[in-house]
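Take the sequence shown: its letter number 237 is residue 385 in the numbering used here, and every next letter is one higher. Please read the structure below before turning to the comments.
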Amino acid sequence: MTQPAWQDPAPLALDTAPVPAYGSGSLADLLPTLAAGQGVEGLTATIPELTPADRNCVFLIDGLGWEQIKAHPDEAPFLYSLLPTSLGNTGRPITAGFPSTTATSLASVGTGLPPGEHGLPGYTVRNPETGALMNQLRWKPFTAPKVWQPYPTVFKLADAAGVHTAQVSSPDFEQTPLTKVALSGGSFLGRLSGEDRMDVAAQRLAAGDRSLVYTYYSEVDGKGHRFGVDSDAWRGQLMYVDGLAQRLAEQLPPRSALYITADHGMIDIPFDEQSRIDFDEDWELRAGVALLGGEGRARHVYAVPGAQGDVLAVWREVLGEQFWVASRDEAIAAGWFGPVIDERVYGRIGDVVAAAHDDVVITASVNEPHESAMVGMHGSLTPVEQLVPLLEVRS
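If you want it as structure tokens, here you go:
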């Protein structure tokens, strides 16, 4: 039935939003599947397409989504050649989780849990205990890590089970709260250069009969945020990390499996008023809002007490053609944050959750000047942000 021309277009139906593949093919399922295949008790192999290996290495490239690899065969010939191996040689991607952002995704990788359980459901979220916004990437203001995220990481479980376990990353990350709650367990080996990380990861992989090694590279994401994924600077980083991946693959010891994945993809957003809606300059969106959390493409909106319904109605009216706009309970029921929501996590989720459908962001020029100036963005449920590779090399 065609709408009359005088009627406002209907908002996006929530059931049209793609839901991450929690429990079968998401980032949260990767390490439990690998460790279960190594005999670590209490973990379940929930990605049936993966074949167990004695030695497993995960190389996570921050910001390198599935669609970016597919679009750049010349800049990333090695990674592109591995696309058919993804997800156990099915040639399919896996999904990040919601929101598709670094803090959330790294916590999902390390704990093996969806955001609704590990409790890092966004870039910034409200701490129900204090009422203040908590930046979960930078961990500001400081919050006791074990209170915020009490579950053991898969690395800790594997280490306790006798698996040789190590993380190889930038030395700057060794003592961060995010590392402690998401990626700790076994040995942390800080190396500055990408080449050194690849070499040490291969060495650590060979150091045990059963090994679980994680390594990480961030600058593909960094250049994407600053210059965009359509920039020469970003392409240069893609070429560099393609060489790193090949360097690591060529050093795999026997009985090893290397999995190359990412925490999210990225999309460039034009600098115009239609594509960048400034919350700090929009009285209509600000009405009844106590705190604006999340990030440009995945917003947690915390209402003044008693104004939740009005805020939801206004955000849906103003943004509903471009964003999936849900109440907290609607987003939970839709499965955006996973099948289970811990009680301590419930209040961290916005009264209203807005996930971008179109090439558009909600900026906050006054309160978030750095984030608002970024070219490349991510966070939402769209394929370019959600789909990530699970490329595989075996020795």
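Just so you know, even glycine gets a beta-carbon here, dropped at the ideal spot from N, CA and C.
Query                                                                                                                           : Result
CB contact flag (G270, H448, <8 Å)                                                                                              : yes
Given R492 as reference, the closest of A314, S475, N275, N283 once Cα atoms are compared                                       : N275
Length of the line joining the Cα atoms of R383 and E223                                                                        : 7 Å
For V368 and G185, believed in contact at Cβ under 8 Å, the rounded distance                                                    : That pair is no contact at about 28 Å.
CA-to-CA distance, L433 to I408, given in whole angstroms                                                                       : 40 Å
Beta-carbon contacts of H312 that lie in its chain and below 6 Å, excluding the five residues immediately before and after      : A355, G356, S359
Beta-carbon contacts of W463 that lie in its chain and below 7 Å, excluding the five residues immediately before and after      : L433, V449, V473, V500, A502
Boundaries (first-last residue) of the beta strand (DSSP E) holding P301                                                        : For clarity, residue 301 is Thr in the given sequence; the question names Pro instead. Per DSSP, T301 belongs to no beta strand (DSSP E) and is neither H nor E.
Backbone CA spacing between G366 and I209 [nearest angstrom]                                                                    : Rather than Gly, the amino acid found at residue 366 in this sequence is Ser. Their Cα atoms are separated by approximately 6 Å.
G267 and Q297 closer than 8 Å at C-beta                                                                                         : yes
S172 burial status per 10 Å Cβ neighbour count (16 or more: buried)                                                             : exposed
Bounding residues of the alpha helix (DSSP H) (the contiguous stretch that carries M282)                                        : No alpha helix (DSSP H) contains M282, which is instead part of the beta strand (DSSP E) from 281 to 283.
Proximity winner among Y170, S229, L529, T181, relative to Q582 (alpha-carbon distances)                                        : This structure cannot settle anything about residue 582, because the visible part of the chain is limited to 149 through 543.
Assigned exposure category for P232 - 16 Cβ within 10 Å defines buried                                                          : exposed
Test item: CB-CB of T252 and P263 under 8 Å                                                                                     : yes
Endpoints, alpha helix (DSSP H) assigned at N237                                                                                : 234 to 237
Y388 (DSSP reduced to helix, strand or coil)                                                                                    : helix
Contacts around K304, its chain only, beta-carbon distance under 6 Å, and the 5 residues preceding and following it disregarded : G333
Sub-8 Å separation of E533 and S248 beta-carbons                                                                                : yes
Spatially closest choice to A405 from P200, D163, L285, by CA coordinates                                                       : P200
Whole-Å CB distance - E265 paired with V488, under 8 Å assumed                                                                  : 6 Å
Extent of the continuous alpha helix (DSSP H) to which S520 belongs                                                             : 517 to 520
Collapsed DSSP secondary structure at W484 in the structure displayed                                                           : coil
Residues of its chain near L439, where Cβ-Cβ distance is below 7 Å and the 5 sequence neighbours each way are ignored           : R274, L281, Y450
Continuous beta strand (DSSP E) stretch holding D458: start and end                                                             : Counting along the chain, D458 falls outside any beta strand (DSSP E), though it belongs to the alpha helix (DSSP H) covering 456 to 467.
Proximity of V167 and G483 at Cβ, strictly below 8 Å                                                                            : yes
Three-state class that DSSP yields for L439 in the structure shown                                                              : strand
CA-to-CA distance, S341 to M149, given in whole angstroms                                                                       : Residue confidence is low: M149 scores 44 on pLDDT, short of 50, so the model does not pin down where it sits. Its coordinate-derived value is still stated next. Their backbone Cα atoms lie some 59 Å apart in a straight line.
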